[in-house]
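The structure appears right after this line, and notes come after that.
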Amino acid sequence: MPSPAPEFLSGGEVLPERGWHMPPHSHQVHELIVILDGRMRLEIDGQTFDVEAGDLLLYRAGHVHKETSDDAAPVNTFFLVFKAPEPALEHFALQLRDTDGRVRQMAAWLVRDHQAGVAPERQTPLLRALLTETRRLCGTPVDPWLADLRRHLQRQLTGRVCLEDLARHCGMSKFALVRKYRRFSGTTPMRDLQRMRLNQARTLMLTTGLPVKAIAPAVGLGDEYQLSKLFRRHFRLSPREMRARLHRRRRS
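For my numbering, add 45 to where a residue sits in the sequence shown, where the first one is 1.
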């Protein structure tokens, strides 16, 4: 008899708050955590992890865990609650990096649609697509050097970043940095940084009511005109068109 397929139950968001923590607890169902911003300490199965933006965490049913937000950078997360047989999760040990921001995007849709009253059974196909993406991430491990540098870039999204600063951070010349980065990732550091900023801007577009003029500086993209230009180039939609499409999807 085939195993039951994964089933979406609910989703929500933990907003940044100094002093936020969850004492040791467990769930009867599985929970996927998507770290959007900030940092927190996780204690689970006798291990301690410091996690940050871009990390994905899987709390399996019955596993006791404790979460403590970093007061210097309060954590902001999405959480997805679902049922799934073990074979559907065997690829996911505990922690993954959402390298391309795809899981973050799908999680944003799931959370916002759930908050808008969309029935869980209508969201289950997207949850299954999200779990398929986590399987792809497990199959394409990222080089530790690249992962560390991407974490550094993620922390610099709102600031001014230049290639000289990155090269100094890595202790190598600009040209050596670009060659090594391209070898491991297929792109350059500055293009990857732009991709991260656009993914963050897209998440803010779809999960907050912030105007475009406020989102642009929040992700280090200057002004709303530059943001709109890059959105059209990368997503084939303006920010407002993307937001309008989401609203139509919720009403349908």
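Cβ coordinates follow ideal geometry from the N, Cα and C atoms, glycine included.
- Considering only 140, 259, 219, 170, the residue with the shortest C-alpha distance to residue 97 is 140.
- DSSP, reduced to helix, strand and coil, places residue 179 within a helical segment of the structure shown.
- With a contact defined as Cβ atoms closer than 8 Å, residue 51 and residue 109 miss out at about 23 Å.
- Pairing residue 274 with residue 66, the inter-Cα distance amounts to about 40 Å.
- The region 119-139 makes contact with the region 74-91; the number of CB pairs closer than 8 Å reaches 3 or more.
- Going by C-alpha positions, residue 112 is about 27 Å away from residue 247.
- Counting other Cβ atoms within 10 Å of its Cβ, residue 73 stays below 16 and is therefore classed as exposed.
- Per DSSP, the unbroken alpha helix (DSSP H) holding residue 251 starts and ends at 234-252.
- Leaving aside the five residues that flank residue 57 on each side, the residues in its chain whose CB is nearer than 7 Å to its CB run, in chain order, 124, 156.
- Around the beta carbon of residue 256, fewer than 16 other beta carbons sit within 10 angstroms, so the residue counts as exposed.
- DSSP, reduced to helix, strand and coil, places residue 55 within a strand of the structure shown.
- Per the C-alpha coordinates, the member of 176, 119, 161, 148 positioned closest to residue 128 is 176.
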